[in-house]
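J.: Residue numbers (this note's numbering), protein chains in the order written: chain E, 2 to 333; chain U, 2 to 333.
Cβ coordinates follow ideal geometry from the N, Cα and C atoms, glycine included.
There are 2 protein chains.
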Amino acid sequence: MLVPYAELHATMRDILVREGMEPARADHCAQLFADSSRDGVPSHGLNRFGRFVAMIRSQMVDVQARPVRVASLGALERWDGRRGPGNLNAHACMARAIELAREHGVGAVGLGNSNHWMRGGNYGWQAADAGVIGICWSNTLPNVPAWGTTVPLIGNNPLIIAVPRAAGHVVLDIAMSQFSYGALAVHRMRGEELPVDGGYDESGRLTRDPAAIERTQRLLPIGFWKGSGLAILLDVVGATLSGGKATHDFSTVPEEESGQSQVFIAIDVTALGPAGETDAIVDGIVDALHAGAGAVGEAARYPGEHTLEVRRKSLAEGVSVNDDVWREVRTL
Amino acid sequence: MLVPYAELHATMRDILVREGMEPARADHCAQLFADSSRDGVPSHGLNRFGRFVAMIRSQMVDVQARPVRVASLGALERWDGRRGPGNLNAHACMARAIELAREHGVGAVGLGNSNHWMRGGNYGWQAADAGVIGICWSNTLPNVPAWGTTVPLIGNNPLIIAVPRAAGHVVLDIAMSQFSYGALAVHRMRGEELPVDGGYDESGRLTRDPAAIERTQRLLPIGFWKGSGLAILLDVVGATLSGGKATHDFSTVPEEESGQSQVFIAIDVTALGPAGETDAIVDGIVDALHAGAGAVGEAARYPGEHTLEVRRKSLAEGVSVNDDVWREVRTL
């Protein structure tokens with residue numbers, strides 16, 4: 002069904018206030034959940050809200066905790082998330098990276114001891130809305146086999162890169178596995194194969210069968226050895242900058258996944274050239290992509306293009322929600 | 002055959018001096034080529050040297066040109082490579098990013114109007130050898146179809162992330178296509194299939210046949226739509242920070258690929274915690290990877306591990322070179 006954005010936001014806000022979160026923070030935290038659903042990522046929006054409330058109740062997430070700076074050198078800072086709400090911590094640290102970028106051209110923040118930041122793309126849009134380039138990533142519990150092994154040793158560590166543009170920001174938000182477990186479940190329940198190979202079956206062969214991959218837990222990293230290596234490096238940089246947990250330090254129980262290490266980098270790209278230069282360059286890249294595909298009768302989209310379409314539709318017609326999930330959330 | 006590193010280095014240095022490069026710069030430029038072959042990447046070492054000399058002779062590369070800073074804000078700078086030797090320009094800009102990181106914690110340099118940097122991994126090792134995290138990437142001419150199209154519209158833009166570690170740096174060096182054209186040729190000449198799908202054949206099916214992909218020019222981006230999106234973002238950030246060329250601005254003739262845009266980011270990770278903290282964290286990640294794989298009778302390597310093995314062997318026994326290439330280089 003379709004729910005007005007304001008109702009979605011207010012419903013989650015009121016629940017968080019009842020869970021003890023300060024009203025202004027509850028409003029912001031609920032907004033970040035609502036924004037995810039609004040932008041077509043319900044897996045880290047409304048659908049994830051119930052588990053978030055459960056983690057508040059099990060004290061994995063401390064609704065009172067605010068992040069604090071624990072070390073710094075100029076444009077580089079380390080923050081301790083104190084196991085507070087992951088999306089508020091992440092938003093605060095991207096905001097700090099943006100401040101640092103305005104002063105120093107570039108700013109970098111390592112955040113440790115936080116919690117799941119839900120949809121990482123939110124912090125990319127945040128940076129681009131502020132007119133700066135945003136780059137951020139998080140580590141996760143071990144949920145993907147490293148290349149060369151059959152057991153989960155690396156995280157599917159999401160990576161976000163966002164560049165501001167007047168006509169629509171360019172925002173990439175990708176995890177290091179070809180598909181998430183959420184995506185496997187969606188395909189399985191629809192009785193559909195994956196569009197491309199997503200992992201290995203019991204006999205060690207690449208497969209598009211989502212149920213087989215759920216059984217083996219052998220998700221495929223993007224680009225095989227390449228995505229496996231990239232996941233390792235994102236973990237290494239995140240853990241060293243934050244001084245916090247690495248993937249191997251996490252519990253493998255999803256409900257106990259707490260203490261994530263994250264990195265937030267902001268770059269004030271418009272400081273380097275004449276006014277309008279960045280827009281002209283990015284417009285040129287987007288136009289060349291559209292024109293090149295169109296010239297052979299095909300279509301290509303830039304990262305973030307689809308998000309804006311979904312967002313417009315959600316705000317005009319209401320945010321699409323799963324009926325069962327919406328009913329459950331309203332009983333929280 | 003095997004050639005002593007010093008002989009490989011001196012041979013290329015002497016040729017560059019004859020091409021008009023200042024001796025100290027020729028020595029450094031040749032060293033970067035020799036280092037690539039030494040580390041097991043001859044495609045961007047000795048094998049690429051002939052084309053580099055040809056581009057000097059065709060005046061695509063200006064042996065006299067040195068990069069200059071054209072704009073800055075604190076820890077962020079834009080440099081103009083003035084079409085000088087790509088590897089010297091890249092090394093100079095990573096060195097500058099390292100200086101900025103020592104002063105500001107983090108430093109970022111956008112380099113435009115440069116040339117092919119050859120092996121990007123060199124600049125990652127450079128940063129890690131200096132004790133800082135290095136992140137860098139380059140754009141390229143269009144050589145990979147964007148997701149949704151069958152024609153080359155994006156670059157295979159290599160991305161490097163390096164983290165220092167006393168027991169061996171962790172260094173990732175990956176291009177955005179699953180295989181390079183060089184790798185396709187190697188497999189074709191050996192009569193071997195690719196180990197995984199590398200692109201599309203004439204009927205639009207994924208294939209491991211290198212010759213079929215060479216015919217269609219439909220290289221596969223890593224992770225399908227994900228690597229395609231990542232390649233676009235690396236191009237967007239590179240072009241906007243440098244104010245230089247984007248992938249669509251390049252000639253599609255490989256011998257005329259000039260004017261690359263590149264990004265160099267350095268982070269002084271050791272500034273944030275107690276002495277030895279970074280090493281302890283990275284050692285923990287490497288050890289967990291080795292132990293986790295070993296526990297199920299398998300083997301996994303961290304990015305950079307194989308490089309060190311090849312380097313030790315090359316320095317002990319000589320650098321492996323292709324006989325024909327080595328003969329040709331010595332006639333230059």
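Nearest chain U C-beta to Thr150 (chain E) closer than 8 Å, yes or no?
T.: Answer yes: the Cβ-Cβ gap between Thr150 (chain E) and chain U drops below 8 Å somewhere.
J.: Can you list, in chain order, the residues of its chain with a C-beta nearer than 6 Å to that of Gly108 (chain E)? Leave out the 5 residues immediately preceding and following it.
T.: Same-chain partners within the cutoff: Ala76, Ala98, Leu101, Ala102, Ala267.
J.: Helix, strand or coil: how does DSSP classify Ser243 (chain U) here?
T.: Helix, per DSSP.
J.: Would you list the one or two residues that DSSP bridges to Leu112 (chain E)?
T.: According to DSSP, which records beta bridges pairwise, Leu112 (chain E) is partnered with E:Trp80, E:Gln263.
J.: In the DSSP assignment, the beta strand (DSSP E) including Asp174 (chain U) goes from what residue to what residue?
T.: Element bounds for Asp174 (chain U): 171 to 175.
J.: Select from U:Gly51, U:Leu290, U:Phe180, U:Gln65 the residue whose C-alpha is nearest the C-alpha of Val145 (chain U).
T.: Closest by alpha carbon: U:Phe180.
J.: Which residues does DSSP list as the beta-bridge partners of Arg216 (chain E)?
T.: Answer by DSSP bridge pairing: none, since Arg216 (chain E) is not bridged.
J.: Against Leu273 (chain E), what residues of chain U qualify as contacts under a CB-to-CB distance less than 9 Å, listed in chain order?
T.: Residues of chain U passing the Cβ test: Val71, Ala72, Ser73, Leu74, Leu77, Glu78, Arg79, Gly111, Thr241, Leu242, Ser243, Gly244.
J.: At a Cβ cut of 8 Å, what residues of the stretch 301 to 313 of chain E count as close to chain U, listed as they run along the chain?
T.: Answer in chain order: Ala301, Arg302, Tyr303, Pro304.
J.: For Leu333 (chain U), return the contacting residues in chain E, with the cut-off set at a CB-CB distance below 8 Å.
T.: Simply none; closest approach about 34 Å.
J.: Check Arg120 (chain E) in the structure and name its three-state DSSP category.
T.: Here Arg120 (chain E) sits in coil by DSSP.
J.: So, using beta-carbon positions, are Leu273 (chain E) and Leu74 (chain U) closer together than 8 Å?
T.: Their beta carbons are under 8 Å apart, which means Leu273 (chain E) touches Leu74 (chain U) by this criterion.
J.: So who's on the other strand from Cys137 (chain U), going by DSSP bridges?
T.: Paired residue(s): U:Ile161, U:Phe265.
J.: Please state the DSSP three-state secondary structure of Leu154 (chain E).
T.: Strand.
J.: Leaving aside the five residues before and after Gly200 (chain U) along the sequence, list all residues of the same chain whose C-beta is less than 6 Å from its C-beta, in chain order.
T.: Cβ neighbours of Gly200 (chain U) beyond the five flanking positions: Ile214, Arg219, Leu220, Leu221.
J.: Going along the chain, which residues of the stretch 164 to 198 of chain U sit with their C-beta nearer than 7 Å to a C-beta in chain C?
T.: The chain labelled as chain C is not found among the protein chains of the depicted structure, namely E and U.
J.: What's the C-alpha gap between Met61 (chain U) and Gln263 (chain U)?
T.: So the two alpha carbons sit approximately 17 Å from each other.
J.: In chain U, what lies closer than 7 Å to Thr279 (chain E) by C-beta?
T.: Under the 7 Å cutoff, chain U gives Thr241.
J.: Counting Cβ pairs closer than 8 Å, one from the stretch 122 to 142 of chain E and one from the stretch 156 to 164 of chain E, do we hit at least three?
T.: Touching, yes.
J.: Alpha carbons only, please: which of U:Met22, U:Glu193, U:Val270, U:Thr150 is nearest the one belonging to Val64 (chain U)?
T.: Selected option, being the one with the closest Cα: U:Met22.
J.: Determine the chain E residues that contact Asp236 (chain U) at a beta-carbon separation under 8 Å, and present them in chain order.
T.: Here the neighbours are Ile286.
J.: With DSSP run on the structure shown, which of helix, strand or coil describes Leu101 (chain U)?
T.: The answer is helix: DSSP assigns Leu101 (chain U) an H, G or I state.
J.: Rounded to whole angstroms, how far is the Cβ of Val197 (chain E) from the Cβ of Phe225 (chain U), which I believe are closer than 8 Å?
T.: 6 Å between Cβ atoms; contact.
J.: Nearest CA to the CA of Asn123 (chain U): which residue from U:Ala91, U:Ser44, U:Leu112, U:Gly132?
T.: Nearest of U:Ala91, U:Ser44, U:Leu112, U:Gly132 to Asn123 (chain U), Cα basis: U:Ala91.
J.: Could you say which of E:Asp288, E:Trp126, E:Gly260 lies nearest to Ala66 (chain E) if we only look at CA atoms?
T.: Of the candidates E:Asp288, E:Trp126, E:Gly260, the one whose C-alpha sits nearest the C-alpha of Ala66 (chain E) is E:Gly260.
J.: Check this for me: beta carbons of Asn116 (chain E) and Arg166 (chain E), under 8 Å apart or not?
T.: In this structure, Arg166 (chain E) does not lie closer than 8 Å to Asn116 (chain E) by Cβ.
J.: What three-state label does DSSP hand Leu195 (chain U) in the structure shown?
T.: Coil at Leu195 (chain U), not helix or strand.
J.: Strictly below 9 Å CB to CB, what residues from chain U border His45 (chain E)?
T.: Under the 9 Å cutoff, chain U gives no residues; its nearest Cβ is about 17 Å from His45 (chain E).
J.: Taking the CB atoms as reference points, tell me whether Ile223 (chain U) and Gly230 (chain E) lie closer together than 8 Å.
T.: Contact flag unset, no.
J.: Specify whether the stretch 273 to 286 of chain U and the stretch 244 to 259 of chain E touch according to this definition: at least 3 beta carbon pairs, one from each stretch, less than 8 Å apart.
T.: At 8 Å Cβ cutoff, the stretches touch.
J.: Between Leu17 (chain U) and the rest of its own chain, which residues show a CB-CB distance below 7 Å, the 5 nearest in sequence each way excluded?
T.: So the list reads Ala27, Cys30, Ala31, once near-sequence residues are dropped.
J.: Indicate whether Val330 (chain U) and Leu154 (chain U) have their beta-carbon atoms separated by less than 8 Å.
T.: No, the Cβ-Cβ distance between Val330 (chain U) and Leu154 (chain U) is not below 8 Å.
J.: For Ser243 (chain U), count the other beta carbons within 10 Å of its own beta carbon; 16 or more makes it buried, fewer makes it exposed. Which is it?
T.: With 16 or more Cβ atoms within 10 Å of its Cβ, Ser243 (chain U) is classed as buried.
J.: Using a Cβ cut-off of 7 Å, pull out every chain E residue sitting near Ile223 (chain U), in sequence order please.
T.: Per Cβ cutoff of 7 Å: Ile223, Gly224, Lys227, Gly228.
J.: Keeping to the same chain, check which residues put their C-beta closer than 6 Å to that of His188 (chain E); ignore five residues upstream and five downstream.
T.: Leu195, Pro211.
J.: Rank U:Val297, U:Lys314, U:Ala296, U:Leu290 by C-alpha distance to the C-alpha of Pro304 (chain U) and give the top, closest one.
T.: Pro304 (chain U) has its Cα closest to that of U:Leu290, out of U:Val297, U:Lys314, U:Ala296, U:Leu290.
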